[in-house]
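1 is the number of the first residue of the sequence shown in full-length UniProt numbering; add one for each residue after it. Only one structure is covered here, and it is reproduced in the block below.
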Amino acid sequence: MEHFNYTKITANCLELALKDLTEALYLYEQEQYLLSEKRIFEAIYNASSVLHLIALERNEIASND
């Protein structure tokens, strides 16, 4: 079975998730609480999804070794 490399995809997705979180924290700092709360939860969800992809990739690599 051919191994699919998620590294570049996950790096880009993680970069976007961190950018979203940074923007959400800026909104919070500007006291735009309703906007920032939603954005913070979305950014955390996106980052956790990326970390899940990284875990899947590592498990796939480990099972192929």
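Every residue, glycine too, gets a C-beta built ideally from N, C-alpha and C.
#### Entry: Option in Ile54, Ala43, His52 with minimal Cα separation from Glu23
The shortest C-alpha separation from Glu23 is found at Ala43.
### Query
Taking the C-alpha atoms as reference points, what is the distance between Ile40 and Leu25?
The C-alpha of Ile40 lies about 7 Å from the C-alpha of Leu25.
### Query
So Ala11 and Asn46 are in contact, right, with Cβ under 8 Å, and what is the actual spacing, rounded?
Not really, about 14 Å apart at Cβ, beyond 8 Å.
### Task
Over the uninterrupted alpha helix (DSSP H) stretch that includes Glu57, give me the two end residues.
That run of the alpha helix (DSSP H) goes 33–64.
### Message
Between which residues of its own chain and Leu21 is the CB-CB distance below 6 Å, once the five residues before and five after are set aside?
### Response
Ala43
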